[in-house]
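What follows is one structure encoded as structure tokens, with my remarks underneath.
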Amino acid sequence: MTSQIENNLNSTIVIVGGNGDLSLRKLLPALYNLQKRGLLDKVNRVIGTGRAELSQKDFLDLVTTKYLEFVCSDKSKIQQCGHWTKFLSKVDYCRLPADEPAQYDLLKAMITADGNRPPVTYYLSTVPALYGSICQQLKSHDLAEDSDRVVLEKPLGNNLETCNEIHAAVAEVFDESNTFRIDHYLGKETVQNLLTLRFSNALFNPLWSNRYIDNVQITVAESIGVAGRADFYGKTGALRDMVQNHLLQILSMVAMEPPAKLNADAIRNEKVKVLEALTPMKPDTVRDNVIRGQYTEGAIDAESVIGFLEEDGYGASDGNNDQYANTETFVAIKAEVHNWRWSGVPFYLRTGKRLKKRYSEIVIEFKRQPFSLFEDDPNDFANKMVITIQPDENIRLHTLHKKPGLSGKLKLQPVALDLSSDPLGANDSYDAYERLLLDIVNGDQTLFMRSDEVEAAWRWTDSIIHSWTEVGLGVMPYSSGSMGPNKSLALPERDNKSWHEG
Ligand code: BG6
47 MTSQIENNLN STIVIVGGNG DLSLRKLLPA LYNLQKRGLL DKVNRVIGTG RAELSQKDFL
107 DLVTTKYLEF VCSDKSKIQQ CGHWTKFLSK VDYCRLPADE PAQYDLLKAM ITADGNRPPV
167 TYYLSTVPAL YGSICQQLKS HDLAEDSDRV VLEKPLGNNL ETCNEIHAAV AEVFDESNTF
227 RIDHYLGKET VQNLLTLRFS NALFNPLWSN RYIDNVQITV AESIGVAGRA DFYGKTGALR
287 DMVQNHLLQI LSMVAMEPPA KLNADAIRNE KVKVLEALTP MKPDTVRDNV IRGQYTEGAI
347 DAESVIGFLE EDGYGASDGN NDQYANTETF VAIKAEVHNW RWSGVPFYLR TGKRLKKRYS
407 EIVIEFKRQP FSLFEDDPND FANKMVITIQ PDENIRLHTL HKKPGLSGKL KLQPVALDLS
467 SDPLGANDSY DAYERLLLDI VNGDQTLFMR SDEVEAAWRW TDSIIHSWTE VGLGVMPYSS
527 GSMGPNKSLA LPERDNKSWH EG
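Here it is as structure tokens:
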């Protein structure tokens with residue numbers, strides 16, 4: 047859906063938490079890239095806000111330093127092209143601590159400094175518990191107008207109840223059609239490509255159901271540990287941090303019915319039906335369907351790394367991190383989408399930190415041949431479509447071919463057909479945040495989660511947490527550099543299947 051702001055030139059983006067990690071690493075660099083591509087003309091001002099006492103110059107210096115640290119260490123590149131200076135000329139800073147509401151008047155003065163009041167996008171990149179009060183402050187200072195937008199970063203609560211509280215507080219100020227809930231996985235090229243792959247190819251559509259698909263696997267493996275966010279992660283865990291949002295969003299794109307139209311609401315209507323069809327976990331099913339793990343010390347790329355409980359930053363003055371002894375840094379789940387299309391097809395999901403390597407992929411495993419015609423063929427090969435989201439983006443169809451040569455026998459050999467649209471990476475790649483920020487500027491909500499999607503996702507994840515709490519399902523240790531607890535291998539193996547190792 048495209049809302050009123052679309053045709054308005056000269057809008058302002060306010061990043062609440064502008065001097066925070068996400069803003070400096072991702073949002074401002076993404077806005078800069080859009081500027082370089084000539085796609086930021088509709089935005090004439092970017093105001094970062096934060097608690098810190100910073101002059102505009104301090105802030106611009108910080109933005110530049112962090113850009114050089116995280117994105118491009120070659121200073122001459124940004125000095126020469128002129129885009130950086132042009133971009134910085136749009137950037138400003140406003141000190142806005144949550145507990146000093148009078149500062150909102152200053153923000154108002156900055157927004158209206160040019161004499162007119164532009165449409166504003168408020169990007170909330172701060173602690174979600176503050177989202178409600180920030181929106182209230184915007185309203186009470188006449189800073190929230192009908193054409194303004196709000197962008198909400200995850201995590202939206204830590205269960206359905208707290209999510210509902212955030213949604214209700216935000217909805218008092220911003221209409222759903224102006225609320226953009228970010229899941230940056232939806233901005234990744236390959237995740238978007240699921241829509242075109244599925245709905246523009248007559249080839250795949252007839253195969254896309256329990257008639258021909260045996261199982262679906264979604265793996266999001268990370269090699270990093272808690273990466274400086276120990277305290278947040280200790281309280282959150284892998285299920286809330288990754289499954290509730292990223293993995294379920296991918297799952298809903300894989301499993302959704304064809305939408306009636308290609309607009310935001312038609313697509314989101316279909317995605318939410320998938321999330322609502324997930325069979326809730328119960329105390330008597332959770333042990334068989336969920337594996338929780340926690341990384342211990344080990345080695346990644348031949349470098350030793352410490353275990354989760356030894357990480358710094360938990361805030362315990364005595365160094366005792368036992369409060370997080372039961373936080374999962376890995377989770378594997380066998381999920382079921384209980385509807386006509388998918389009944390009987392297991393969806394295996396897994397994600398974790400400090401795994402062997404960083405990769406994210408979706409595997410669609412097709413059913414095997416009823417029998418094999420070929421000599422010496424054990425008929426244990428399954429066609430698979432492997433959709434790799436990162437580190438590279440590609441789609442491979444695993445098939446069997448004749449082994450070339452003059453041998454009289456038809457010998458088989460596996461061949462992975464490359465279906466990538468850009469296998470050589472010739473096209474300019476972009477970061478997920480560029481895609482999403484551009485869509486926000488253009489008012490397109492297709493790649494943003496609607497409130498009912500987030501709530502349905504929480505309903506299902508809450509059922510898992512309640513069940514594992516009730517039966518006391520603990521975390522199993524796994525060495526850093528492995529692919530999680532050994533028991534997670536048994537999850538598909540019990541069904542006579544196995545994880546595709548990317
Ligand atoms: C974030 C999680 O949403 O996604 C992080 O909070 C995780 O814990 C990150 O590391 C992974 O994103 P990406 O794009 O690097 O796979």
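The opening residue of the sequence shown carries number 47 in the numbering used here; numbering runs sequentially from there. Every residue gets a Cβ at the ideal spot worked out from N, C-alpha and C, and that includes glycine. These numbers come from a predicted model, not from an experiment.
Handout entry: Glu52 to Asp490 span [Cα, whole Å]
Key = In this prediction, Glu52 scores a pLDDT of 48, lower than 50, which makes its location untrustworthy; no coordinate-derived value is stated.
Exercise for the section: Would you kindly work out how many angstroms separate the C-alpha atoms of Asn532 and Val377, rounded to a whole number? Expected result: Taking the straight line from one Cα to the other gives about 12 Å.
Handout entry: Closest residue to Asp188 among Tyr150, Leu108, Lys200, Leu202 (Cα-Cα distance)
Key = For Asp188, the nearest C-alpha among the options comes from Tyr150.
Exercise for the section: Spell out the partners DSSP gives Gly96 in its beta bridges. Expected result: Residue pairing for Gly96: DSSP places it in a beta bridge opposite Arg141.
Practice task
Using a threshold of 8 Å, state whether the C-beta atoms of Tyr78 and Phe133 are closer than that.
Solution key: Their beta carbons are under 8 Å apart, which means Tyr78 touches Phe133 by this criterion.
Handout entry: Residue from Ile346, Asn261, Asp477 whose Cα sits closest to the Cα of Asp438
Key = Proximity to Asp438 across Ile346, Asn261, Asp477 peaks at Asp477, based on C-alpha coordinates.
Handout entry: Other residues of its chain near Glu268: CB distance less than 8 Å, five sequence neighbours each side excluded
Key = The residues are Thr397, Gly398, Lys399, Arg400, Leu401, Arg404.
Practice task
Compute the beta-carbon to beta-carbon distance between Gly283 and Glu374, rounded to the nearest angstrom, for a pair I have assumed lies under 8 Å.
Solution key: Indeed they touch by this definition, with Cβ atoms about 5 Å apart.
Practice task
Quick one: give me the first and last residue of the beta strand (DSSP E) that Val166 is part of.
Solution key: First-last of the beta strand (DSSP E) with Val166: 166-170.
Handout entry: Closest residue to Asn335 among Ile510, Ile180, Phe116, Phe427 (Cα-Cα distance)
Key = Nearest option by C-alpha distance: Ile510.
Problem - Whole-angstrom C-beta distance between Leu297 and Ile346, which should lie under 8 Å - result: About 27 Å; that fails the 8 Å criterion.
Exercise for the section: Look up Glu382 in the DSSP assignment and say whether it is helix, strand or coil. Expected result: It is a strand residue.
Handout entry: Nearest to Thr331 (by Cα), restricted to the options Phe278, Glu516, Leu114, Thr110
Key = The candidate whose alpha carbon is nearest that of Thr331 is Glu516.
Practice task
Out of Ser534, Lys121, Pro174, Tyr479, state which residue places its alpha-carbon closest to the alpha-carbon of Ala215.
Solution key: Comparing Cα positions, the closest option is Pro174.
Problem - Contact set for Arg496: own chain, Cβ-Cβ below 6 Å, skip 5 residues either direction - result: Only residues of its own chain outside the window of five on either side were considered, and among them Arg314 have a CB closer than 6 Å to the CB of Arg496, listed in chain order.
Exercise for the section: For the region 442-451 and the region 197-208, state whether three or more C-beta atom pairs, one from each stretch, are separated by less than 8 Å. Expected result: No, because fewer than three Cβ pairs between the region 442-451 and the region 197-208 fall closer than 8 Å, the two stretches do not touch.
Exercise for the section: Please classify Asp229: does DSSP put it in a helix, a strand, or coil? Expected result: Coil, per DSSP.
Practice task
Compare the C-alpha of Gln126 against each of Thr158, Arg286, Lys82, Lys430 and name the closest.
Solution key: When only C-alpha atoms are compared, the closest one is Lys82.
Exercise for the section: Would you kindly report the start and end of the unbroken beta strand (DSSP E) that includes Ile296? Expected result: For Ile296, there is no enclosing beta strand (DSSP E); the enclosing alpha helix (DSSP H) covers residues 294-301.
Exercise for the section: Could you tell me whether the Cβ atoms of Ile157 and Thr58 are closer together than 8 Å? Expected result: Less than 8 Å divides the Cβ of Ile157 from the Cβ of Thr58.
Problem - C-alpha distance - Leu519 paired with Met529, whole-angstrom precision - result: Straight-line Cα distance between these residues: approximately 20 Å.
Exercise for the section: State yes or no: is the C-beta of Glu356 nearer than 7 Å to some heavy atom of the ligand BG6? Expected result: No, the beta carbon of Glu356 sits no closer than 7 Å to any heavy atom of the ligand BG6.
Handout entry: Three-way DSSP call (helix, strand, coil) for Met529 in this model
Key = Coil at Met529, not helix or strand.
Exercise for the section: Could you check how far apart the C-beta atoms of Ser171 and Gly66 are, in whole angstroms? I think they sit under 8 Å. Expected result: Right, the Cβ-Cβ distance comes to about 6 Å (below 8 Å), so this counts as a contact.
Practice task
Examine the ligand BG6 and report whether any of its heavy atoms sits within less than 7 Å of the Cβ of Ser406.
Solution key: Checking every heavy atom of the ligand BG6 against the Cβ of Ser406, one is found closer than 7 Å.
Exercise for the section: Give a yes or no on contact between the region 138-153 and the region 95-103, applying the rule of three or more CB pairs nearer than 8 Å. Expected result: Enough Cβ pairs lie closer than 8 Å, so yes.
Handout entry: Inter-residue spacing [alpha-carbon to alpha-carbon] between Glu407 and Trp545
Key = If you take the alpha carbons of Glu407 and Trp545, they lie about 11 Å apart.
Practice task
Return helix, strand or coil for Phe393, following the three-state DSSP convention.
Solution key: Looking at Phe393 - three-state DSSP - the assignment turns out to be strand.
Problem - Among Gly94, Pro75, Asn56, Leu85, nearest to Gly64 - alpha-carbon criterion - result: Out of Gly94, Pro75, Asn56, Leu85, Gly94 has the C-alpha closest to the C-alpha of Gly64.
Exercise for the section: Please confirm whether any heavy atom of the ligand BG6 lies closer than 7 Å to the CB of Met431. Expected result: Of the heavy atoms belonging to the ligand BG6, none sits nearer than 7 Å to the Cβ of Met431.
Practice task
Would you mind working out which of Gly84, Arg481, Arg338, Ser223 sits nearest Met522, comparing C-alpha positions?
Solution key: Of the candidates Gly84, Arg481, Arg338, Ser223, Arg338 places its Cα closest to the Cα of Met522.
Exercise for the section: Would you mind reading off the limits of the beta strand (DSSP E) that contains His187? Expected result: His187 -> no beta strand (DSSP E), and no H or E assigned at all.
Problem - Where Arg286 falls: helix, strand or coil (DSSP) - result: In the structure shown, Arg286 sits in a helix (DSSP, three-state: H, G or I).
Handout entry: The beta strand (DSSP E) enclosing Asp120, as first and last residue numbers
Key = First-last for Asp120: undefined, no H or E at that position.
Handout entry: Residues near Cys209 by beta carbon distance below 8 Å, same chain, minus five either side
Key = So the qualifying residues of the chain are Leu202, Gly203, Val500, Glu501, Trp504.
Problem - Contact set for Gln459: own chain, Cβ-Cβ below 8 Å, skip 5 residues either direction - result: Hits under 8 Å: Leu446, His447, Lys448, Lys449.
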